[in-house]
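Q:
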Amino acid sequence: MTRRYYIWTIGCQMNTADSRSVAEGLERRGFLPASSPEQADVIVLNTCVVRESAEQRARGRLSSLRPVKRKRPGAVLAVMGCLVGENEAELQREYPFVDLFLRPSHPEPLFALLDAGGCGERLSAPVSPVPVSAYLPISYGCDHHCTYCIVRLRRGPQRSRPVEDIYRDALELVERGAREIILLGQNVDAYGRDLPGRPDLADLLAKLHDIPGLWRLRFLTSHPADMQERLIEAVAELPKVCEHFELPVQSGSDAVLRRMGRNYTAGQYLELVGRIRAWVPDAGLATDVIVGFCGETDEDFQATRRLLEMVRFDVVHIAAYSVRPGTPAERLPDDVPPEVKEARRQELEQFQERIAGEINAALLGKSVEVLVEERQKGRWRGRTRQNKLVFFDSDQELAGALVDVRITWAGPWSLIGELERIKARTP
Ligand code: SAM
Ligand code: F3S
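Going by this note's numbering, 75 is the number at position 52 of the sequence shown; the sequence numbering is gapless.
1. Is Val197 buried or exposed, if buried means 16 or more other CB atoms sit within 10 Å of its CB?
2. Would you say Phe336 and Ala306 are within 8 Å of each other, going by their C-beta atoms?
3. Thinking just about the alpha-carbon of each residue, which of Pro96, Ala384 and Asn38 is nearest to the one in Gln5?
4. Can you give the Cα-Cα distance for Ala46 and Val359, rounded to whole angstroms?
5. At which residues does the beta strand (DSSP E) containing His232 begin and terminate?
6. Quick one: what's got a C-beta closer than 6 Å to Gly349's C-beta in the same chain, skipping five residues either side?
7. Check each candidate in Leu270, Ile299 and Pro304 and name the one with the smallest Cα separation from His340.
8. From Glu365 to Ala424, what does the alpha carbon distance come to, in whole angstroms?
9. Using only CA atoms, which one of Val391, Leu114, Glu420 and Trp436 lies nearest to Ile430?
10. Going by the C-beta, is Ala342 closer than 7 Å to any heavy atom of the ligand SAM?
11. So, using beta-carbon positions, are Asp323 and Ala289 closer together than 8 Å?
12. Taking any heavy atom of the ligand F3S as the mark, which residues have a C-beta closer than 6 Å to it, listed down the chain?
13. List the DSSP bridge partners of Phe268.
14. Which of the three DSSP states is assigned to Gln209 in this structure?
15. Should Cys265 be listed as close to the ligand SAM, given that the test is whether its C-beta is under 7 Å from any heavy atom?
16. Could you give the residue range of the beta strand (DSSP E) that holds Val426?
17. What are the uninterrupted segments assigned as alpha helix (DSSP H) that are 4 or more residues long and contained completely in the stretch 305–390, given in chain order?
18. Any heavy atom of the ligand SAM inside 7 Å of the beta-carbon of Gln273?
19. On the three-state DSSP scale, how would you describe Ile439?
20. Skipping 5 residues on each side, what residues in its chain have a beta carbon closer than 8 Å to that of Thr170?
21. Say the cut is 7 Å; is the CB of Ser76 nearer than that to a heavy atom of the ligand SAM?
22. Give the straight-line distance between the Cα atoms of Val72 and Arg300, rounded to the nearest whole angstrom.
23. Quick check: is any heavy atom of the ligand SAM less than 7 Å from the C-beta of Val107?
24. Between which two residues does the beta strand (DSSP E) containing Leu243 stretch?
25. I'd like the ranges of any beta strand (DSSP E) spanning at least 3 consecutive residues and lying wholly in the stretch 128–212.
26. Below 8 Å on the Cβ atoms is my contact criterion, and I expect Leu100 with Leu114 to pass it. Report the Cβ-Cβ distance as a whole number of Å.
27. Leaving out five residues on either side along the sequence, give the residues of the same chain with a beta carbon under 6 Å from the beta carbon of Ser454.
28. Sorted by chain position, which residues of the same chain lie with C-beta nearer than 8 Å to Lys94's C-beta, five sequence neighbours on each side aside?
29. Does the beta carbon of Asp311 fall short of 7 Å from some heavy atom of the ligand SAM?
30. Taking Val121 as part of the beta strand (DSSP E), name the residues at either end of that continuous run.
31. Based on the DSSP output, what are the partners of Ala447 in its beta bridges?
32. Within the same chain, show all residues whose beta-carbon is closer than 6 Å to that of Val272, passing over the 5 residues directly before and after it, in chain order.
33. Just to confirm, does Arg282 get its C-beta within under 7 Å of one of the non-hydrogen atoms of the ligand SAM?
34. Going by Cα to Cα distance, which pick from Ile445, Asp418 and Gly405 is closest to Ile439?
35. Pick out whichever of Tyr158, Cys317 and Phe54 has its Cα sitting closest to the Cα of Asp138.
36. By DSSP's criteria, Glu397 is part of a beta bridge. Which residues make up the other side?
Printed below as a string of structure tokens:
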């Protein structure tokens, strides 16, 4: 009888990568994907609690699985991700119908349970295809102490994966059809500090660069206090490494940055952006901002707005601050009223929409290189080297192709264009 699995994922790219590795582990044990939890023998809920709203969503979904589990008591229900930490005993009391709580990026107890139950034949090859643009974790956890952050509490201190392990995984991904690899870590700029010989991200990029059939490399997320000149130089000099930086700033006010424990000033951040642009003039720049952090005055907020105006980011992920249990900031007064947080969030969203619209409008009529990922609503979808989303029409089979597209429409979040030429195809 076919055994099936269902995985529900919310949150960051690391969760997406973790879910894919759980799916592969299950498929190697003979499980096939199910289209709903009601049809699955193994159900995995991969959670995010970075903000209160995410945690509520995860808990809502978990509660909705109670009747499913009642109807199918033989199914294994596992909860993974940042909901699970030292609070495990508490979670067990609250959700007694859950069979397993798995720490973020730690699916092993699920596999051990299935193997003990006789599922360990390991005869099958994974059935799900590898994406054209595939995530590859290079480190787990984080050694920073950002005062608002629950992620480091749940994911623990930094553990970098050895270069050889990452290289082996990258080879396999490319062999199975990936053309772009996105290296993942909470802070990729600190990669390797905990490894013998202290290899860094620039070394790792140089090593992976030689893999035949790999066309593009990216990495995220960076930390402004840890980014080294060597890395910027590597992006400038290694042709496969895309001109794209995910560099969270969080605030433009030094007082707020200090309370957040970010270890840099707004001036140092701007200087770093200057260095990036000097080495890589056409770099795509994305950032994260938190509005309404403890004690944020209108002046502090205006400083953030000014910083966004000065840098002109391609993408800004804006979040209203929410208190997370167990974080140092829980002890600070959460004194910005919710309606002020929301008004500041909306103001920045609108402001950034205008900036992104202007930046993208400059691409009208230009030809950009796109790595085609998949069809979406009848159109091909891919990304430029600067990580801009591009859609175009074509009757040809182009998944995994590298193409040039001439841009005919530009909005703040995506671009539309016409196929000009095919530069390379996935064999
Ligand atoms: N390690 C990455 C970094 O350096 O930013 C990712 C951390 S977190 C998964 C992603 C983003 O969520 C952060 O950059 C921050 O903007 C936001 N975030 C984290 N904690 C938050 C909180 N308590 N309230 C609102 N936003 C938060
Ligand atoms: Fe969190 Fe700061 Fe690390 S946001 S994951 S402690 S860099």
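Glycine included, every Cβ here is placed at the ideal spot set by N, Cα and C.
A: In terms of the structure at hand:
1. buried
2. no
3. Past the edges of the chain, shown from 24 to 450, lies residue 5, and the structure says nothing about it.
4. 42 Å
5. Per DSSP, His232 belongs to no beta strand (DSSP E); it is in the alpha helix (DSSP H), Leu224 to His232.
6. Leu176
7. Leu270
8. 41 Å
9. Val391
10. yes
11. no
12. Cys165, His167, Cys169, Cys172, Val174, Arg175, Gln209, Asn210 and His246
13. Leu308
14. coil
15. no
16. Leu425 to Ala433
17. 321–334 and 361–384
18. yes
19. strand
20. Arg282, Met283, Gly284, Thr350, Pro351, Ala352 and Leu355
21. no
22. 34 Å
23. no
24. Arg239 to Leu243
25. 156–160 and 203–207
26. Not quite, the Cβ-Cβ distance comes to about 12 Å (not below 8 Å), so this is no contact.
27. The chain is shown from 24 up to 450; residue 454 falls before or after that span and cannot be answered.
28. Glu61
29. yes
30. Premise fails: Val121 is in no beta strand (DSSP E) and is neither H nor E.
31. Leu425
32. Tyr292 and Thr310
33. no
34. Gly405
35. Phe54
36. Arg404
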